[in-house]
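> First residue of the sequence shown? That's 191 in the numbering used here, and the numbers climb one at a time after it. For glycine and all other residues, C-beta sits at the position ideal for the given N, C-alpha and C. Everything numeric in this text was worked out from a predicted model, so none of it was measured. First the structure, then my questions, so here it is.
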Amino acid sequence: MEHALLLQNVSKTYEKFQLDNINLELPKGCIMGFVGENGAGKSTTIKLIMDLIKRDSGEIQILGQDNKGDISQLKEHIGVVMDECCFPENMNWRHIKQVMKRLYKTWDEQKFCSLMEKFSLEEKKIVKEYSRGMKMKLSIAAALSHDSKLLILDEATSGLDPVVRDEILELFLEFIQDEEHSIFMSTHIISDLERISDYIACIHKGRLVFVEQKDELLSKYGILKCGEEDFSKIDKSIVKGVKRNSFGIEALVEKRKVHGNHVIDAASIEEIMLYFIKESKI
Ligand SMILES: Nc1ncnc2c1ncn2[C@@H]1O[C@H](COP(=O)(O)OP(=O)(O)OP(=O)(O)O)[C@@H](O)[C@H]1O
């Protein structure tokens, strides 16, 4: 299987934080959602992918090419949207269009203009006068208006209202329709990922806690509800997180491995993530 993005044993240490041995593989034609609590290491990972900061160890390949060295050709095929807008504050989108035309050989002016219209961004307004949502729309439109084969998005949909988010998720789904286009996106909006992603990677305190196909996550895990006595008989290696309350125990378990008659409810992606990173293990 060809991959759009490959991280092998990637590590980075700051004084008070360590990104520890990250392994990720995003197959071409797929969307991978990257989730985790504030400060878990999502932006750091994305900056390492973009080679904006130096990794201490490991390998990173984008579209089959090492992300270090001469990546001028590769940049044509990567669309990046970071959580901060990186266009000059005193430009309107007409100016930005001219700049992008010079930066990308594959710049598609018509596509950009039609997205500006679709997103209702006024021609004369300068970036300084944009709301956060408007800045995000502008950045997403620019990333989609050259020959991007991989979109890398860091919290790109977080400032957008539900209607615009819905439109953008549709654009993302259109974008990956052929096997050549892929998306790696970090977000706190798990419902967006439930809707569009093929894979979910979850990071906690600098370590990956799972990377799985979304459908496999949903079919693999369930929430077991029982009392202490029944729970004591459950193999703890299949338990990923436990919550205790006055009614008994709720535990995220690998449901195919539970034997006997038990109540096991479906778990959402958000619940799976929370049990993995927040709840106790025993
Ligand atoms: N340049 C830096 N120097 C030292 N520490 C840093 C630096 N950049 C980030 N960190 C630390 O790395 C950790 C991970 O930060 P990062 O921005 O990757 O988290 P995140 O998962 O993107 O969080 P959020 O969801 O809040 O955006 C944090 O503890 C942060 O303080």
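Grouping DSSP H, G and I as helix and E and B as strand, with all else coil, what is Met324?
Within the sequence shown, the letter at position 134 stands for residue 324. In this structure, Met324 counts as helix in the three-state DSSP scheme.
> Tell me the start and end of each unbroken alpha helix (DSSP H) in the region 328–365 that is at least 4 residues and wholly inside, in chain order.
As far as the region 328–365 is concerned, its whole alpha helix (DSSP H) runs of at least 4 residues are 352–365.
> Tell me where the alpha helix (DSSP H) around Tyr411 begins and ends.
As a first step, residue 411 must be located in the sequence shown, where it is residue number 221. Careful: Tyr411 lies outside any alpha helix (DSSP H), inside the beta strand (DSSP E) at Tyr411 to Cys416.
> Any heavy atom of ligand 1 closer than 6 Å to the CB of Ala230?
To locate residue 230, count along the sequence shown from 1; it is residue 40. Under cutoff, so the answer is yes.
> Note down the Cα distance separating Asp256 from Ser321, rounded to an integer number of angstroms.
Within the sequence shown, residue 256 is the residue found at index 66, counting from 1. Within the sequence shown, residue 321 is the residue found at index 131, counting from 1. Those two C-alpha atoms are separated by around 36 Å.
> From which residue to which residue does the alpha helix (DSSP H) around Thr203 run?
Your numbering for residue 203 matches position 13 in the sequence shown. Not the alpha helix (DSSP H): Thr203 falls in the beta strand (DSSP E), residues His193 to Tyr204.
> Taking 7 Å as the limit between beta carbons, can you name the residues of its chain near Lys395, skipping five residues before and five after?
Residue 395 sits at position 205 when you count from the first residue of the sequence shown. Same-chain partners within the cutoff: Ala230.
> Output the distance between the C-alpha atoms of Val353 and Glu384, rounded to the nearest integer angstrom.
Working through the sequence shown from its first residue, we reach residue 353 at position 163. Working through the sequence shown from its first residue, we reach residue 384 at position 194. Straight-line Cα distance between these residues: approximately 17 Å.
> In chain order, what are the residue ranges of uninterrupted alpha helix (DSSP H) at least 4 long that sit wholly in the region 236–322?
Whole alpha helix (DSSP H) segments, 4+ residues: 262–265, 283–293 and 299–308.
> Measuring from the CB of Phe400, is there a heavy atom of ligand 3 at a distance below 6 Å?
What this structure holds is ligand 1, not ligand 3.
> Considering only their Cβ atoms, is the gap separating Gly223 from Ile390 smaller than 7 Å?
Position 200 of the sequence shown, counting from 1, holds the residue named residue 390. Position 33 of the sequence shown, counting from 1, holds the residue named residue 223. Yes, the Cβ-Cβ distance between Ile390 and Gly223 is below 7 Å.
> Using only the heavy atoms of ligand 1, determine whether one of them is closer than 6 Å to the beta carbon of Phe207.
Against the sequence shown, residue 207 aligns to sequence position 17. Answer for Phe207: yes, Cβ within range of ligand 1.
> So what's Glu370 in DSSP terms, helix, strand or just coil?
To locate residue 370, count along the sequence shown from 1; it is residue 180. Correct three-state label for Glu370: coil.
> What is the residue span of the alpha helix (DSSP H) that Asp382 lies within?
Within the sequence shown, residue 382 is the residue found at index 192, counting from 1. Ile380 to Ile386 is the extent of the alpha helix (DSSP H) around Asp382.
> CB-CB under 8 Å to Phe466, same chain, minus the five flanking residues each way: which ones, in chain order?
The sequence position of residue 466 within the sequence shown is 276, counting from 1. For Phe466, where only same-chain residues beyond five positions count, the Cβ hits under 8 Å are Cys392, His394, Val399, Phe400, Lys430, Gly431 and Leu442.
> Is it the case that the CB of Thr234 approaches a heavy atom of ligand 1 more closely than 6 Å?
Taking the first residue of the sequence shown as 1, we reach residue 234 at position 44. Under cutoff, so the answer is yes.
> Just to confirm, is the Cβ distance from Phe362 to Ile380 under 7 Å?
As a first step, residue 362 must be located in the sequence shown, where it is residue number 172. As a first step, residue 380 must be located in the sequence shown, where it is residue number 190. Not in contact: Phe362 and Ile380 (Cβ atoms no closer than 7 Å).
> For a test of the three-state rule: what should DSSP assign to Lys447, helix, strand or coil?
By 1-based counting over the sequence shown, the position of residue 447 is 257. Here Lys447 sits in helix by DSSP.
> When we look at the beta-carbon of Glu440 and count the other beta-carbons within 10 Å, is it buried (16 or more) or exposed?
Here residue 440 is taken as the residue at index 250 of the sequence shown, counted from 1. Classification of Glu440: buried, given that the 10 Å Cβ count is 16 or more.
> Around the Cβ of Phe309, are there at least 16 other Cβ atoms within 10 angstroms (buried) or fewer (exposed)?
To locate residue 309, count along the sequence shown from 1; it is residue 119. Label assigned to Phe309: buried.
> So what does DSSP say about Phe437, is it helix, strand or coil?
Locating residue 437 in the sequence shown gives position 247, counting from the first residue. Correct three-state label for Phe437: coil.
> Report whether the distance from the Cβ of Tyr204 to the nearest heavy atom of ligand 1 is below 6 Å.
Counting from one through the sequence shown, the residue named residue 204 turns up at place 14. At least one heavy atom of ligand 1 is nearer than 6 Å to the Cβ of Tyr204, so yes.
> Using a Cβ-Cβ cutoff of less than 6 Å, which residues in the same chain neighbour Ile286 once the five nearest sequence positions on both sides are dropped?
Reading the sequence shown from its first residue, position 96 is the one you call residue 286. The answer, listed in chain order, is Phe277.
> What's the gap between the Cα of Gln198 and the Cα of Glu419?
Within the sequence shown, the letter at position 8 stands for residue 198. Within the sequence shown, the letter at position 229 stands for residue 419. Each residue's Cα considered, the two are about 42 Å apart.
> Between Ser335, Gln288 and Arg292, which has its C-alpha nearest Leu305's C-alpha?
Position 115 of the sequence shown, counting from 1, holds the residue named residue 305. The shortest C-alpha separation from Leu305 is found at Ser335.
> For Ser233 versus Val271, is the C-beta distance shorter than 7 Å?
Within the sequence shown, numbered from 1, the residue matching residue 233 stands at position 43. Within the sequence shown, numbered from 1, the residue matching residue 271 stands at position 81. Against a cut-off of 7 Å, the Cβ pair of Val271 and Ser233 comes out as no contact.
> Taking the beta carbon of Lys202 as the centre, do at least 16 other beta carbons fall within 10 Å, making it buried, or is it exposed?
Stepping through the sequence shown from its first residue, residue 202 is reached at position 12. Buried, since its Cβ has 16 or more Cβ neighbours within 10 Å.
> Would you please state the rounded distance, in angstroms, between the beta carbons of Leu242 and Lys339? I believe it to be under 8 Å.
Here residue 242 refers to the residue found at position 52 when the sequence shown is read from its first residue. Here residue 339 refers to the residue found at position 149 when the sequence shown is read from its first residue. Contact flag wrong, Cβ pair sits at about 20 Å.
> Decide if Arg245 is buried, meaning its Cβ has at least 16 other Cβ atoms within 10 Å, or exposed.
The count along the sequence shown starts at 1 and reaches residue 245 at position 55. Under this definition Arg245 is a buried residue.
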